[in-house]
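Remarks on the structure that follows.
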DNA sequence: TTCTAGACTTGCGTTCACCGGG
DNA sequence: CCCGGTGAACGCAAGTCTAGAA
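In UniProt numbering, the protein residues as written are 1 to 917.
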């Protein structure tokens with residue numbers, strides 16, 4: 001399809017200034033400057049909100065509570081990178097936001113032994129690319145060069161970068177426009193944007209050609225002059241998503257109400273797309289791979305069916321399967337294999353096919369194919385229920401006196417007691433809701449009337465003892481328990497969809513408990529009642545046997561045979577009966593994989609339209625039609641800052657917002673052209689960022705705010721359905737969330753291509769993690785700081801100081817040794833062994849290296865303490881970008897994807913090494 | 001056109017399992 | 001052999017978006 005314009009497409013990366021950019025940027029000033037030219041138009045981020053750590057000031061701390069998580073950050077990257085960029089980088093970055101600061105560090109991770117073994121190399125080889133080594137080297141080198149440049153730009157530049165980035169779209173667009181022409185035309189959508197109808201398409205076409213293909217930045221440059229804003233230096237920016245550029249300041253913090261604080265900066269992305277023609281075309285895989293992914297999977301599964309294996313390490317899986325018995329083996333293997341083989345595939349495939357055994361249906365067409373029809377035959381065993389409540393008989397106290405409770409009453413009291421050490425205890429709403437529901441069970445005349453007079457500690461302590469007991473069990477006992485559980489659940493773990501055995505996602509019915517809403521949820525603490533068979537609707541193939549109800553004497557609510565949906569069962573949410581809880585297939589299933597692939601294809605399609613879309617909304621910033629103006633500005637924010645759409649919410653939900661539901665008080669204009677965003681988004685995660693925007697956007701926001709109160713809607717003419725209806729006119733199937741996927745993936749693709757230089761696998765992994773982090777920042781994916789984070793940092797400091805002390809001592813010894821004197825006694829007065837100067841020098845070098853590594857690790861840890869890398873990897877980054885990059889650079893895919901991801905992305909494993917998003 | 005039921009994706013926190021170091 | 005630290009797996013809350021009814 002498209003031609004390849006790859007280059008173009010590339011990227012724009014948006015970097016958000018801070019983070020990433022920082023890192024890279026170290027040097028970049030030069031570039032910046034260029035970029036800066038643009039000037040202001042774009043939005044750069046102004047401030048950096050994030051503090052270095054990421055926490056933003058305000059927000060920062062708030063969260064404490066929740067976090068319990070043990071391990072805070074992992075440190076992904078590190079060393080290598082560092083190496084590359086001199087450490088300096090770090091310093092630089094740090095300033096701004098923490099996040100950004102240091103790139104990653106810890107090499108170790110990357111290398112990790114574990115999985116690697118099996119597959120690793122294969123990939124590379126497969127790629128065929130050519131001789132690997134050499135090629136890679138070359139490429140790497142090349143990259144390096146490029147990289148360097150970039151870095152420079154970015155570096156500090158955050159701002160500058162940002163600016164460019166900021167400029168982003170608009171700028172780009174404009175530029176593009178100016179250029180005009182591109183050919184592209186691609187698709188022709190018909191769209192007209194609001195006012196300007198058809199415009200888009202045409203434009204698009206044009207851009208694409210030239211511009212699109214190239215990264216924005218490049219485009220810009222070329223054009224640069226063109227638009228006002230635009231011109232700015234896109235270069236750097238372009239690449240990065242707008243967001244990134246913006247971020248600079250941004251710190252995002254989650255505040256969750258109070259607690260969390262995190263700060264990351266925000267970022268936003270702008271990105272552009274590149275088009276790649278190929279992509280469309282995509283070639284199938286190298287080797288045999290040709291088989292469509294799905295088909296593969298299917299086949300695979302059938303044969304091997306490794307499903308289980310998924311869990312198991314790749315290498316092991318195979319064995320296991322063998323060992324394990326029947327079904328598992330068969331089913332499981334499949335999944336796993338793809339992975340392991342990394343790219344080999346061929347062989348596998350063949351094998352798989354062969355086996356298939358009972359289920360195979362390789363042929364099956366993918367689900368989506370049929371209109372609306374998701375499957376033809378569906379067999380499964382229903383769901384499993386949690387065990388009934390076992391009364392413990394421990395008495396809580398009321399006004400100091402033990403109280404006897406009926407089992408149902410005790411059950412609810414225990415739910416509360418178990419949460420005594422959580423933050424929820426400091427939330428009045430939680431206690432109030434709990435008490436209201438508990439009282440219903442206690443009855444009106446129960447002695448227990450007020451929560452304040454209750455003392456749940458006896459139950460809490462009993463629970464702690466039980467936990468401790470469990471922990472103390474011997475490993476054999478634990479293993480036995482586990483096996484017993486597995487035996488019980490096995491039959492529920494699998495479904496057979498069109499003849500293929502697939503894993504079921506969540507076959508366990510949720511146990512009763514107290515609702516743990518995030519943020520200031522009005523329903524927190526309410527009793528989530530026990531779900532019974534009569535609450536559950538089962539969906540299954542007509543020919544399949546109806547699952548037996550696991551609870552004797554009870555029966556399912558309803559049996560359906562609807563093949564236009566993918567759920568196997570559902571029940572109404574006890575907290576909000578209007579909503580449902582579904583049982584779906586696992587992420588590794590073909591059904592999910594297919595829809596995942598479609599999601600990324602749609603995002604890639606946006607690449608071909610993005611120029612025109614940006615151009616159109618830029619034009620509409622000054623539209624006379626207020627609705628059009630709001631749509632234009634909202635689209636700009638979604639594109640540049642990666643904001644979510646923002647559906648309307650009910651009063652009985654936490655008060656969070658997205659783009660369409662932003663309130664006047666959430667966006668503060670700071671002349672001349674900076675917008676300060678501060679609001680709680682999904683999961684009550686704070687989005688706090690200051691961004692430079694184009695003047696028309698700034699003016700439009702000021703106008704939208706005028707005459708309104710702080711709590712009024714900023715976009716009073718808009719809602720998500722209007723916005724999406726408009727987006728659909730621009731590109732088939734386009735919705736607000738596609739921009740997030742697009743910007744995330746294009747950023748990864750761009751950063752990987754620019755920053756992958758030579759180096760060993762560990763260094764390349766660091767590059768990947770760096771890119772991953774950038775995306776996480778753009779999408780504002782945060783995590784709370786682990787409770788033990790500060791203690792861990794202190795411990796690291798101590799170790800570093802200790803090493804430094806040892807280093808000094810070694811140096812003293814060395815100078816004495818050179819003079820032929822014996823070493824001084826150690827601090828504790830003991831004499832030390834007499835070492836020769838060479839040995840001492842070796843030891844000094846060793847210690848120095850250790851210190852440097854620890855410092856890098858520490859920096860990375862601090863840097864990532866509030867950034868969650870997993871969410872973007874699972875949901876926003878097209879796995880084909882990663883797989884192709886691994887093949888091109890001979891990085892074992894297992895270094896990047898864990899077992900779950902390998903299974904989930906089985907459909908992408910045979911991508912051509914030349915694939916670009 | 002608006003509202004709402006319905007279906008599915010996204011996302012953070014917790015728990016689990018494992019691993020290397022003392 | 002215990003233990004802290006960690007990544008993976010799990011759990012479930014909270015979004016997005018569509019389609020059809022009102």
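Glycine included, every Cβ here is placed at the ideal spot set by N, Cα and C. Keep in mind that this is a model prediction, so the values were computed, not measured.
Using a Cβ distance threshold of 8 Å, residue 896 and residue 765 count as a contacting pair. For residue 870, the secondary structure class from DSSP, reduced to helix, strand or coil, is helix.
A distance below 8 Å separates the beta carbons of residue 373 and residue 564. Less than 8 Å separates the beta-carbon of residue 675 from that of residue 667. Assignment of beta-bridge partners to residue 508 by DSSP yields 384. When 487, 650, 559 are compared, the shortest CA-CA separation from residue 579 is found for 650. With respect to residue 623, residue 656 sits apart: the two C-beta atoms are not nearer than 8 Å. In the structure shown, residue 572 falls within a strand segment according to DSSP collapsed to helix, strand and coil. Nearest to residue 409 by alpha-carbon distance, out of 523, 512, 492, is 512. In this structure, residue 780 sits near residue 687, with a CB-CB distance shorter than 8 Å. Assignment of residue 686 by DSSP, reduced to helix, strand and coil, places it in the strand class. For residue 917, the three-state secondary structure derived from DSSP is coil.
Within the same chain, and ignoring the five residues on either side of residue 394 in sequence, the residues whose Cβ sits closer than 7 Å to its Cβ are 458, 459, 462. Cβ atoms of residue 540 and residue 379 come within 8 Å of each other, at about 7 Å. Straight-line spacing of the CA atoms in residue 573 and residue 384 works out to 17 Å. Of 635, 905, 774, 911, the smallest CA-CA separation from residue 610 is found for 635.
Taking C-beta atoms as the reference points, residue 796 and residue 851 fail to come closer than 8 Å. Rounded to whole angstroms, the gap between the alpha carbons of residue 800 and residue 854 is 7 Å. Residue 894 sits in a helix when the DSSP states are folded into three classes.
Positions of the beta strand (DSSP E) runs, each at least 3 residues long and wholly inside the stretch 461-511, are given as 494-497, 500-503 in order along the chain. Where residue 754 is concerned, the enclosing alpha helix (DSSP H) starts and stops at 736-755. Of 520, 591, 867, the smallest CA-CA separation from residue 433 is found for 520. Shortest Cα-Cα distance from residue 397 to any of 448, 430, 441 involves 448. Per DSSP, the continuous alpha helix (DSSP H) segment holding residue 639 begins and ends at 626-641.
In this structure, residue 503 keeps its C-beta atom at 8 Å or more from the C-beta atom of residue 569. With contacts defined as CB atoms closer than 8 Å, residue 869 and residue 773 qualify as a contacting pair. The stretch 711-725 makes no contact with the stretch 884-903; the number of CB pairs closer than 8 Å stays below 3. The C-alpha of residue 720 is placed about 52 Å away from the C-alpha of residue 480.
Taking the CA atoms as reference points, residue 662 sits about 44 Å from residue 464. Residue 645 is a Cβ neighbour of residue 737, given a cutoff of 8 Å. As the crow flies, the alpha-carbon of residue 375 is around 12 Å from that of residue 495. For residue 813, the secondary structure class from DSSP, reduced to helix, strand or coil, is helix.
Taking 8 Å as the cut-off, the beta carbon of residue 866 is found closer than this to the beta carbon of residue 782. As the crow flies, the alpha-carbon of residue 872 is around 6 Å from that of residue 776. Residue environment for residue 714: buried (at least 16 other C-beta atoms within 10 angstroms of its C-beta). C-alpha of residue 490 to C-alpha of residue 906: approximately 23 Å in a straight line.
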